[in-house]
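To start, the structure under review is shown below, and the notes come after it.
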Amino acid sequence: MIVRDRPGLLRLFFILRGSIVLRILPQVLVILVLSAGVVWLRTTHPGWAPAFNGAPFALLGIALSVFLGFRNNACYDRWWEARKDWGQLLYTVRDLGRQTLMLDRDGEPRAARRQLLRLAMAFGHALVCHLRPGGDATKPRRFLSAGQLAGFESSRNRPDFLLRQMGQVLAELLAGGHVSDIQYTMLEGTLGRMSAVLAACERIRNTPVPFGYTLLLHRTAYLFCFLLPFGFADVLHWGTPFITGLVAYTFFGLDALGDELEEPFGTRLNALPIEALADTMEINLREALGETELPSLPQPKGHVLM
Amino acid sequence: MIVRDRPGLLRLFFILRGSIVLRILPQVLVILVLSAGVVWLRTTHPGWAPAFNGAPFALLGIALSVFLGFRNNACYDRWWEARKDWGQLLYTVRDLGRQTLMLDRDGEPRAARRQLLRLAMAFGHALVCHLRPGGDATKPRRFLSAGQLAGFESSRNRPDFLLRQMGQVLAELLAGGHVSDIQYTMLEGTLGRMSAVLAACERIRNTPVPFGYTLLLHRTAYLFCFLLPFGFADVLHWGTPFITGLVAYTFFGLDALGDELEEPFGTRLNALPIEALADTMEINLREALGETELPSLPQPKGHVLM
Amino acid sequence: MIVRDRPGLLRLFFILRGSIVLRILPQVLVILVLSAGVVWLRTTHPGWAPAFNGAPFALLGIALSVFLGFRNNACYDRWWEARKDWGQLLYTVRDLGRQTLMLDRDGEPRAARRQLLRLAMAFGHALVCHLRPGGDATKPRRFLSAGQLAGFESSRNRPDFLLRQMGQVLAELLAGGHVSDIQYTMLEGTLGRMSAVLAACERIRNTPVPFGYTLLLHRTAYLFCFLLPFGFADVLHWGTPFITGLVAYTFFGLDALGDELEEPFGTRLNALPIEALADTMEINLREALGETELPSLPQPKGHVLM
Amino acid sequence: MIVRDRPGLLRLFFILRGSIVLRILPQVLVILVLSAGVVWLRTTHPGWAPAFNGAPFALLGIALSVFLGFRNNACYDRWWEARKDWGQLLYTVRDLGRQTLMLDRDGEPRAARRQLLRLAMAFGHALVCHLRPGGDATKPRRFLSAGQLAGFESSRNRPDFLLRQMGQVLAELLAGGHVSDIQYTMLEGTLGRMSAVLAACERIRNTPVPFGYTLLLHRTAYLFCFLLPFGFADVLHWGTPFITGLVAYTFFGLDALGDELEEPFGTRLNALPIEALADTMEINLREALGETELPSLPQPKGHVLM
Amino acid sequence: MIVRDRPGLLRLFFILRGSIVLRILPQVLVILVLSAGVVWLRTTHPGWAPAFNGAPFALLGIALSVFLGFRNNACYDRWWEARKDWGQLLYTVRDLGRQTLMLDRDGEPRAARRQLLRLAMAFGHALVCHLRPGGDATKPRRFLSAGQLAGFESSRNRPDFLLRQMGQVLAELLAGGHVSDIQYTMLEGTLGRMSAVLAACERIRNTPVPFGYTLLLHRTAYLFCFLLPFGFADVLHWGTPFITGLVAYTFFGLDALGDELEEPFGTRLNALPIEALADTMEINLREALGETELPSLPQPKGHVLM
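Protein chains in written order, with my numbering: chain A, 1 to 306; chain B, 1001 to 1306; chain C, 2001 to 2306; chain D, 3001 to 3306; chain E, 4001 to 4306.
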């Protein structure tokens, strides 16, 4: 995620970091060159290049805007929902830290509390690895015992394995009479909310916007921008490259941004900072455990927080 | 569901799988041929074919875009809600696996736990058959006893029958004093969430977008595309087939995609992979039962997961 | 609700059932005749009919599309929410059938269970009568005792009366020690969800989209379509009736569809099949009571399910 | 709220009640006169009035439609959410009536039940006064004892005071052993839902759509309509007043309707009928208390329900 | 937040407070001067300044409107969600005041109640400081004991620290047998809702709309407005500055408003009045504690409530 103050008017045009401009530069350049070529041909050899009347382009371009707008909206909703899910995870583990205060008494309960909170820290880091390929796989392991590690490694779904481990701790507390069934139900409900976040993140990760939809919009946007110079060359003359370039920048840019937002757990600059959120969760839980030497909160590097 | 990486620019135009292009090819070809015919007629025998001024088409086309956009949005929302329901089912059965850990003690409770989780596996597969005609009807039967099978076969609503069987197990646990009323209520609440998913899926399956709405948009889109060549033949000349073809591809394509997304449990390529999700549920539950020889997670075949 | 497969391309244009076309035919015919008249006048006596430049119509027509789109969206949301409410009712009464399995033991509890489920069947049918004028008022009565009938008839809100009767059964079970307070609370929560559905349906039934909004859009749409021929007669000549007719069909049709969807409990063809849903509820509950001679599920008659 | 059947086509144009037309008549008349003046000047003294080309107006007008559409959507959402909140209040107090049936036994519980339901009736009426300036302040007082009245009058938030009184009754029932802690929690949860409705209504009442947003759209809409005649006078001639009047009616009308919907608890005709809803609540609760001489349900007066 | 009645028509154009006009004045002036310059050049030295045909601008402008509309919608949703979160906080602390009435008995419970409500007052003020840089940091401290202050100062997340303190009070009440586990769970659930509000506010505060999206729209809007005079100078002549100025005012204004709404906890005029809300919470809680000398509710100063 890009974290920076809104730049002033002049600097606005010279920011590359976080801009989509580098990714779509090749396509925009192709359109610019094509536009210039068409204008040159129409000026020097009018018969060599076809030219259309520009009127139908307004119709097509506005239709395309409406459809691109809807797709971008859907992608943004995925991205924002993913952020909400992580926000819910954050307060759910804080709830766990607070709800287990009642276990903070000598003997087995205190050990169980520590165990639960350490498993919750592992859950956050394991979820990052589950969602983002190339996540740091050593982070969750630090919080697990040797016995837990074996099951963790062989599990088909590691975060769910950790939740079952936490459920096991709760079941033992209940069997040992350390919590009443009401208290057990409350804590189990907290695990259930973590489980809901896991499933929601898996859904967003594994179910892209329908491929046919993306494909149709990509194709139409490209064909539209390639036809544009033929429609406006006779009307705009040497202004054609400017205008078609601006249109191509807007349409390709929104299309590319939609692609980035569609994968909120990816590794592109506009992806969500889930590593930083997992680190924050760890710090919150350490504080709840009474640790006083806490790491500092994650800070953006070069305006980027991942 | 199509599962594939986003293709590069050139390959973008040559993907057929998952594209809607094959389904709408006939209509688009008709428009292309009609356009060419109209242009030929207007060029050679101007009086034989009518020609309209193209200006009103912009108005009509933009109106159509707005309405198509809204319909596609509604269809996408149905599709995405259906996916959310299955995601909720996934974590609900995981919750069941974790919540029943407290029953994992010798005697009747452990047998009841095994029974509950096997019924939950059957529920997933039975829901697939309930929603998708032609689903593999042998899958849910594998988990049922002979006595259960009779009731299962004759039930008006098979997934609901399985939930009632699970409710029966819970009621017996309660009557036998193996769970407290609090624990019973928690587990019953979990069944209630499975019941909610069942009803939501039935709603999406049985209640299409109002037929009059679909009909109106289909008709308008077709009439619009058939009239288009008459409006632009005199202005675009031999560019007409290109432009009208592109417009027809966009409008028919979005319309056809809307149809596919409207039925998220269907068998078209953009439908949801509910069979794979039911298999995943089975694997998660088998792991929760402590089985170690697990099948591997479902993989897409030829970029398609069903 | 219209239930039918999507028709092929040719049949698409000849379906009347479920189409909005019959309801708006008079208005569309008026526009067609008016258009033809204006074209004839402008052709033969140019000075007798005014003619406007068509450019401002694009502006007005697109604005109208945006506003009509928003209204239709709001109406569709009401319709879909109403369907969600009934879906929630369906699974809530199924939950009731499952949750009361714990009462399925000899003596007073079994009688109370039967009483609760019969009152729930009556609730479904009474809700139909409450929402749809002209519903079959004998259906809910079949499930009530003579004593209940008197109160039912005189109640200001009959479905709410039935819920209070169910609450009375629960209170007696609690007072008699047949259910614990936890079990009472769970069952009362289920009644609460039925109560929520009742209030939501009443809201949708009694609170139309603000009248001023509907009026403004109706008026603008009519004035727009009546002015249209004057704007395009000189440009489209005898193509005018075709184009203005298509525009009128689209705008009047969407407007009329919005009216139908605004009243999802009405008796028009696109209304929700709440009678069929209440019958389905009854069948589900009969099955939960162990009855084996069940009526078959409701089937559409002539593609229509009400 | 306007309650009336949809009028036929001809009457549609002659309804004033509930129409926004009277409120925006002055502005529309100004535009009509201005248009006529500009056309007259351009016809007789072409050099005395400036005239613009109308093309840029399409751009500006469509942009304005999109933004007005979004604002109206936001205002409608507020209005509909407010109605949902009152619907929730309605079923919550009905729940209270049903849930307290378990208190309907001789002695203190029955008195407490009566006290709770009377306080709930007072809550509805007090909420009306809290939200709508000029509400009938005597209505809530009828249900309060002298001791309660003093606190009620001096409270900073009267509906919240009533909820605290109800909480006090519950706390006394709990302290007296008349309800178990489970039953207490259930009833307290019902109060919590009433508290949520109170806060939601306060939010909608006190937080308008951001002022800058409203201001920007008002100003742009007015400037646009004032410039319109200059853009179309040369093209539409004496058709200009008709078209600009229609545009002004649509834009000013939607703007004014947005203003009305923004304040759903106001006293304009399109506001919500919260007094009628509070009266309905009172009737429902009286019926739950077993009263048989009930007032009739509120009826609209002259198509208006407030 | 601006709090004022809707102004009359004439005053509408002379309000500066709360208007966005001062912030975007420089850019609009640049566009005005540029327009005038281009028109002057095209009039006097036609060959010195390029001129484009204006048609493509309609396409680009409408596309831009659609995208700006979507962004403004997203920003408004954030702003409104933030207000909802604070509304939820308000009723949650009122719930706490009411739910703890059962503790209002002599001895430890009453002291614990007082402690809980004072910590809740501190929570509101601490949340303001957490979200709005430059908040009054002395306000939350007034409610804390010396021992609490140390932990408060050194905490990584001060509002969460206060919630843990409240959780500690609850755990002690439970351990001391002053509340049952059911009552503990109810109160802990209330803390959980405060925790949810905290996480939601942090999410909105820390996760802006994706930077690439904002950047793309800013750049396109500026480039569009700078090119506009070249497109319309030959058509509108000296009307160009008026029209381009109006377009620039609308587009820059909406863009700037989106920026303001994106940060609902900021210090600009359209930000939410969270300080006033925290003060209101304090008054509500003081009243619940039985204090009679209450401060008056926060009032806007010069139409502004912060």
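Ideal placement from N, C-alpha and C gives every residue a C-beta, glycine not left out. Bear in mind the structure is a predicted one, so any value in this text is a computation, not a measurement.
is_contact[residue i, chain C] using C-beta, thresh 7 Å
{"i": "residue 1190 of chain B", "result": "no"}
{"i": "residue 3307 of chain D", "result": "Chain D is shown from 3001 up to 3306; residue 3307 of chain D falls before or after that span and cannot be answered."}
{"i": "residue 1299 of chain B", "result": "no"}
Continuous alpha helix (DSSP H) stretch holding residue i: start and end
{"i": "residue 2165 of chain C", "result": "2158-2175"}
{"i": "residue 3281 of chain D", "result": "3274-3288"}
{"i": "residue 1182 of chain B", "result": "1181-1206"}
{"i": "residue 4121 of chain E", "result": "4108-4131"}
{"i": "residue 1098 of chain B", "result": "1055-1099"}
{"i": "residue 1040 of chain B", "result": "1021-1044"}
{"i": "residue 2308 of chain C", "result": "Residue 2308 of chain C is absent from the structure shown; chain C starts at 2001 and stops at 2306."}
{"i": "residue 1259 of chain B", "result": "1240-1262"}
Closest Cα partner of residue i within the set the options
{"i": "residue 3245 of chain D", "options": "D:3034, D:3004, D:3014, D:3188", "result": "D:3034"}
{"i": "residue 1165 of chain B", "options": "C:2116, C:2094, C:2063", "result": "C:2094"}
{"i": "residue 3270 of chain D", "options": "C:2216, C:2211, C:2056, C:2232", "result": "C:2211"}
{"i": "residue 3161 of chain D", "options": "E:4111, E:4023, E:4181, E:4098", "result": "E:4098"}
{"i": "residue 2196 of chain C", "options": "D:3302, D:3013, D:3055, D:3096", "result": "D:3096"}
{"i": "residue 36 of chain A", "options": "A:297, A:306, A:237", "result": "A:237"}
{"i": "residue 4202 of chain E", "options": "E:4288, E:4299, E:4263", "result": "E:4263"}
{"i": "residue 1084 of chain B", "options": "B:1173, B:1288, B:1272", "result": "B:1272"}
Beta carbon proximity, residue i to chain B, threshold 7 Å
{"i": "residue 264 of chain A", "result": "no"}
{"i": "residue 207 of chain A", "result": "yes"}
Residue j beta carbon less than 7 Å from that of residue i
{"i": "residue 254 of chain A", "j": "residue 4171 of chain E", "result": "no"}
{"i": "residue 3217 of chain D", "j": "residue 3067 of chain D", "result": "yes"}
{"i": "residue 4179 of chain E", "j": "residue 4274 of chain E", "result": "no"}
{"i": "residue 1261 of chain B", "j": "residue 1075 of chain B", "result": "yes"}
{"i": "residue 3213 of chain D", "j": "residue 4257 of chain E", "result": "yes"}
{"i": "residue 4220 of chain E", "j": "residue 4229 of chain E", "result": "no"}
{"i": "residue 4242 of chain E", "j": "residue 4027 of chain E", "result": "no"}
Cutoff 8 Å; reference residue i; Cβ partners in own chain excluding five residues on either side
{"i": "residue 147 of chain A", "result": "none"}
{"i": "residue 4092 of chain E", "result": "4190, 4193, 4194, 4197"}
{"i": "residue 199 of chain A", "result": "none"}
Beta carbon proximity, residue i to chain E, threshold 7 Å
{"i": "residue 287 of chain A", "result": "yes"}
{"i": "residue 250 of chain A", "result": "yes"}
{"i": "residue 83 of chain A", "result": "yes"}
{"i": "residue 3063 of chain D", "result": "yes"}
Test: residue i CB closer than 7 Å to a CB of chain D
{"i": "residue 4053 of chain E", "result": "no"}
Cβ-based neighbour list, residue i, same chain, cut-off 7 Å, excluding 5 preceding and 5 following
{"i": "residue 4061 of chain E", "result": "4224"}
{"i": "residue 2186 of chain C", "result": "2099"}
{"i": "residue 3115 of chain D", "result": "3169"}
{"i": "residue 3158 of chain D", "result": "3126, 3130, 3152"}
Nonlocal neighbours in the same chain, by C-beta distance under 6 Å from residue i, ignoring five residues either side
{"i": "residue 2282 of chain C", "result": "2121"}
{"i": "residue 132 of chain A", "result": "265"}
Residue-level contact to chain A via CB, residue i, 7 Å cutoff
{"i": "residue 1012 of chain B", "result": "yes"}
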